[in-house]
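For reference, the structure discussed in these notes is given below.
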Amino acid sequence: MVSATATAKKTPAPKKPRSHPPYAEMISEAISVLKERTGSSQVAIGKFIEEKQKDLPSNFRKLLLVQLKKLVATGKLTKIKGSFKLSPVAIAKPKKEPATKKKATAAANTKAVTPKKNAKSVAKKVVTAPGKVKKATPVKKATVAKVKKTTPARKVKSIKSPVKKLVQSFLLSRDSMLCDFEVLLYVVVPVEDIKESGELPGSIVIRRLFNQLTFLRATEDCGYFLKVTKVKSVGNGKLSDSSKYIIFPVTFYSRTFLPKTGEVLVGIVIKVCSHGVFLKCGPMNSIYLSLRKMPNYNYVSGENPFFLCDDHSRIENEVAVRFVVFAMRWSRTLVRKFDVLASIEGDCLGPISLNGLDGLEL
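Note that the sequence shown covers residues 1433 to 1794 in this note's numbering.
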């Protein structure tokens, strides 16, 4: 009797049903909603799921890493240098077979219902069909002639306005936010510069290339141009319609800085407002850290305003702050830049000592 009661007491309690969807469903939803060009990192996926699902286990981060590895092993996800993307097999939709079956059954029923008398009328239609085809042939020739007339116009437009597609880039490698691109840039050189200066045309084109890059500063696909590592080729120049400029296609390799959500950076405070602070990090000078993303910080007004935390740490002008990129977008204004939203919610984030940092920790 004692052993029976003991076994009854040892029986475990039934487990509570989980309130969140399966991990595969949550991960695929996070990647599809974030829509990052190079894939989403583990930090970005975890943050998205934590914001949407409230009843998650305490060891959620460990379980997420295990599930990501399983999905990569099964081929549902592809891993590219710390980021995860949905594989083409997972994105592809299954073909609709019921519709074809219905069409096949409908066709079979019509064949069974058609009487023998209709066969003669069908034969008559088949005999008269070649006459219709011969009459329709001139229409096909007319459409081909129209297409040939319109093709030269498209080529002329591309020559007239090469500045509209000024930059064409191809990603060669990526290490976090540092990228190596092969870039094709159309360099515009005035004809007077080549006539008046005694320099070689190649050196004039390279000098104009650097001047044009400083004006461009950044592109949405490449990011911020840091340096030109090598000039691959300089193509033959084409005279513009006004005959005042010569346009040279120049191909070169460039090291760029492309910000990415979920990455951790260090920035310097350049402006303090009552609702947040503005940071500068490397080539980026429009990083905004809102008061909502600074937990336990309060605004202190005065001649030199600052934010004070409960542990007496301060965020003020010329203070280095370690932050995570919360969101970003390409600016639609005349200034070519990325608008970045920062956050210090998390461990090891917030104000730090400078120690010779220039605002960019890579």
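Ideal Cβ placement from N, Cα and C applies to all residues, glycine included.
| Asked | Found |
| --- | --- |
| Sequence-distant residues of the same chain with beta carbon closer than 7 angstroms to L1671, five excluded per side | I1678 |
| With 16 other Cβ atoms within 10 Å as the buried cut-off, status of L1503 | buried |
| DSSP three-state assignment for I1638, whether helix, strand or coil | helix |
| From E1748, N1730, E1735 and G1734, residue whose alpha carbon lies closest to that of C1741 | N1730 |
| Outcome for K1573 when other beta-carbon atoms lying within 10 angstroms are tallied against a minimum of 16 | In this prediction, K1573 scores a pLDDT of 46, lower than 50, which makes its location untrustworthy; no coordinate-derived value is stated. |
| Q1644 - DSSP class collapsed to helix/strand/coil | helix |
| V1756 - partner residues in DSSP beta bridges | V1696 and S1775 |
| Residues of its chain near L1781, where Cβ-Cβ distance is below 7 angstroms and the 5 sequence neighbours each way are ignored | R1754, F1755 and V1756 |
| Local Cβ density within 10 Å of F1680, reported as buried at 16 or more and exposed below that | buried |
| Span of the alpha helix (DSSP H), counted from its first residue to its last, around K1479 | Q1474 to K1484 |
| Straight-line Cα distance separating S1460 from K1692 | 19 angstroms |
| Proximal residues to E1750 (C-beta, below 7 angstroms), its chain only, five neighbours per side dropped | I1700 and V1701 |
| Interface flag, V1504 vs chain D, CB-CB below 9 angstroms | Of the protein chains in this structure there is only one, and it is not chain D. |
| Collapsed DSSP secondary structure at K1676 in the structure displayed | coil |
| Span separating the alpha-carbon of A1476 from that of E1695 | 9 angstroms |
| Rounded straight-line distance, which links the Cα of F1613 to that of F1738 | 40 angstroms |
| Nearest neighbour of R1764, chosen from V1619, T1651 and K1703 [CA to CA] | T1651 |
| Alpha-carbon to alpha-carbon, D1487 and L1723 | 26 angstroms |
| The segment 1494 to 1514 in contact with the segment 1450 to 1469 per 3-pair CB rule at 8 angstroms | yes |
| C-alpha distance - L1721 paired with G1634, whole-angstrom precision | 45 angstroms |
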